[in-house]
Amino acid sequence: MTKFEALGLDKPLLDAITDLGFESPSEVQEKAIPILLENDTDLVALAQTGTGKTAAFGFPLIQKIDSKSRTTQGLILSPTRELCLQITNEIKLYSKYVKGLNVVAIYGGASISEQANQIKRGAQIIVATPGRMKDMINRGMVNISKIDYCVLDEADEMLNMGFMEDIKDILSNTPDEKFTWLFSATMPREVSTIAKKFMHNPQEITVGAKNSGATTVQHEYYVIGGRDRYPALKRLADTNPGIFSVVFCRTKRDTQRVAEKLIEDGYNAGALHGDLSQNQRDLVMNAFRKKQIQMLVATDVAARGIDVDDITHVINYQLPDEIETYTHRSGRTGRAGKSGVSMVIVTRSELRKIKAIENKLQTEFLSKKIPTGMEICEIQLYHLANKIKNTEINEQVDNYLPAINDVLQGIDREELIKKIISVEFSRFYDYYNKTKDLNISDRGERSEGRDRSKVEIPTSGSVRYFINVGERDDYDWMTLKDFIKETVGLGREDVFKVDVKESFSFFNTDAEHSEKVLSTFTEFKVDGRFVNVEVSNNPGGGGRGRGGRDRGGDRGRSSSRSRNKGGDRGRDRSRNNDNRGSRDSGGGYGSKKSKRRY
Ligand code: AMP
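So the mapping is simple: my numbering equals the position in the sequence shown, first residue as 1, plus 6.
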């Protein structure tokens, strides 16, 4: 018997699960499915997005519905059009072997009469956003007076978006005897109120810690002066060449402005906010899904329901007012078992907000430094060198080789490498060469730039290292931390500030471990490949979070073993110090509340 069979699911669902390739139930599925199948009960489930909760309510709902009857028996309410469509698609996939089952999505921004026609043809399950649902009830286009099950998905989000009254209205059109299943990532007072008012003795399940963010997300904050938010954002992007991120702003105006500036500066960015037409939003989301957009700048409302699994970073350009909103933001990364990073750009006066979130989520935030211009150059150099190394040779080049050789005659290998790297790197270097340090110390002072001429390994504080493995080798910050810890023989807390890039990474240890680290990784091979570690002069500093140990100060940059250092682009737009482009430009897209405050 498979684990899914053991939950009590019937063959048509099991067959669909096999097709989907799900091997075993997720935690929320394991907890919710037996309860919902065995009993007719109300349920409150605390679960984040990305935990498999659609199937947790979808499987039991499909199994309990009578597909021979055309009556609408199940209603799923969800906060956004995107989520509504996503749930509908998932339910269709899960019910592909259930004959006669019809699922219809109802949401704003599309033809209401077309949706009404679909319902007329018979829909046992309706997935709806509250606004459009209410509209259709008022116009007599839908009948939910006989439903047996009502699912409130992402209840906290719906209430955050101001749907409380709509939900109450909708529920008042449903029979009292129905069963209500409420799913929410957090449990603010408003959600408890709904649960108390509309549910009868609900069973409760919790996946992971209550109200906490996903554990696979590392939370980091960067303290800067108020005027440096935008340059800081760019530096964070430049330090992570493979970034695939959502950048959250507080207002539509800021969202549009930041996205426009990023596009202008050569980044693959796009804006997502409520002032865009549905068509514009669809364009942006499609481009984001295809990774043509690497930085999606969004408002909280517009970003709800983004169902993209491999977002590497969430960047809080500004902190939200409510802690729950922060949970939702950071929950956009670290999905589907992957790890992620949630970065917060703050001014000193906002530090208390970080403290409040830490307390609420029971998670420690790492205090990190915005990389200096030179540190970014170093990262980009490694990145470029790796890119050259991994570039597939285009055989067409052969035809031109004799002529090229003629041109390059007399240049030796080392010089040639330097020249190739410099083609890209010089422009890059020119941008960052004289930029200031953006970090603000705890006392409110701007940090001093580091003297790059010092190369000795520090004997106290902490040491930052470069290691030539990264995402490409299937590492994330957690697995790399484990690998280093186990290989060197260190404790879990001894390796910190692990930053995994595409083909290389950085990490810190206290200086007392540096000899052990460097000697372990001398001539060290994994699967026949050298794994190199050397002391870096890179960002990330030494401290382990706020109130942690020394922040590193001068880290030496030494390299006993030489490496070709390369850099990555940098567009020629030196209008101001930090004004440089990062990536190929991505085309010009873009163009309420829970009351818990800090
Ligand atoms: P959700 O939390 O419902 O948005 O689900 C996140 C993703 O996980 C969706 O793409 C689902 O298709 C997928 N998923 C759901 N359950 C499982 C499972 N048991 N095994 C693997 N993937 C799953």
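Glycine is no exception: its CB is placed at the ideal position from the N, C-alpha and C atoms.
Express the C-alpha separation of residue j and residue i in angstroms, rounding to a whole number.
i, j, result
"T333", "T526", "39 Å"
"E356", "E370", "16 Å"
"Y435", "M380", "8 Å"
"A12", "T257", "48 Å"
"D260", "H279", "10 Å"
"D162", "T192", "6 Å"
"F536", "I41", "52 Å"
"Q92", "I382", "38 Å"
"V523", "I131", "58 Å"
"L387", "V541", "16 Å"
"N123", "N144", "16 Å"
"D175", "P31", "35 Å"
"L158", "A53", "13 Å"
"I410", "S428", "18 Å"
"P237", "I317", "22 Å"
"C90", "E226", "32 Å"
"G115", "N445", "44 Å"
"L20", "G534", "43 Å"
"L372", "L239", "17 Å"
"N179", "G14", "32 Å"
"G593", "I399", "Low per-residue confidence applies at G593: pLDDT is 29, beneath 50, and the placement is therefore not dependable, though the value from the model is reported in the following sentence. If I take the Cα positions, the gap works out to 28 Å."
"N392", "M484", "23 Å"
So, are the CB atoms of residue i and residue j less than 8 Å apart?
i, j, result
"I82", "V133", "yes"
"M170", "E196", "yes"
"F254", "D315", "no"
"V347", "I360", "no"
"V469", "N538", "no"
"I68", "V104", "yes"
"I376", "Y273", "no"
"D443", "T378", "yes"
"G476", "G56", "no"
"F294", "G276", "yes"
"K126", "D154", "no"
"R478", "S447", "no"
"D488", "S345", "no"
"K507", "H389", "yes"
Can you tell me which of the three DSSP states residue i falls into?
i, result
"N51", "The residue asked about is misnamed: residue 51 is Ala in this sequence, not Asn. DSSP places A51 in strand when its eight states are reduced to three."
"F527", "coil"
"D260", "helix"
"H519", "helix"
"A22", "helix"
"T86", "coil"
"D505", "strand"
"T199", "helix"
"S373", "strand"
"I410", "helix"
"A122", "helix"
"R470", "strand"
"I153", "coil"
"F513", "strand"
"M349", "strand"
"N583", "Confidence is the limiting factor: at N583 the pLDDT is only 39, short of 50, which leaves the residue's position unreliable, though a coordinate-based value still follows. Coil, per DSSP."
"L13", "coil"
Can you determine whether any heavy atom of the ligand AMP sits closer than 7 Å to the C-beta of residue i, and answer yes or no?
i, result
"A22", "no"
"S30", "yes"
"G58", "yes"
"T339", "no"
"E96", "yes"
"T8", "no"
"D281", "no"
"T55", "yes"
"A61", "yes"
"D159", "no"
"Q69", "no"
"K313", "According to the sequence as given, residue 313 is Asp; it is not Lys. Yes."
"Q35", "yes"
Beta-carbon of residue i versus every beta-carbon of chain C: anything under 8 Å?
i, result
"L407", "Looking for chain C here will not work: only one protein chain is present."
Report yes or no: do the stretch 296–305 and the stretch 256–273 share at least 3 C-beta pairs separated by less than 8 Å? Under the three-pair Cβ rule at 8 Å, the stretch 296–305 counts as touching the stretch 256–273.
Does the pairing of the stretch 145–153 with the stretch 34–46 give three or more beta-carbon distances under 8 Å? No contact exists between the stretch 145–153 and the stretch 34–46.
Would the stretch 100–119 and the stretch 61–68 be scored as touching if the rule is three or more Cβ pairs under 8 Å? Segments in contact, yes.
Cβ pair count under 8 Å reaching 3, the stretch 515–534 against the stretch 497–507: Touching, yes.
Do three or more CB pairs link the stretch 236–254 to the stretch 313–331 at distances below 8 Å? The stretch 236–254 makes contact with the stretch 313–331; the number of CB pairs closer than 8 Å reaches 3 or more.
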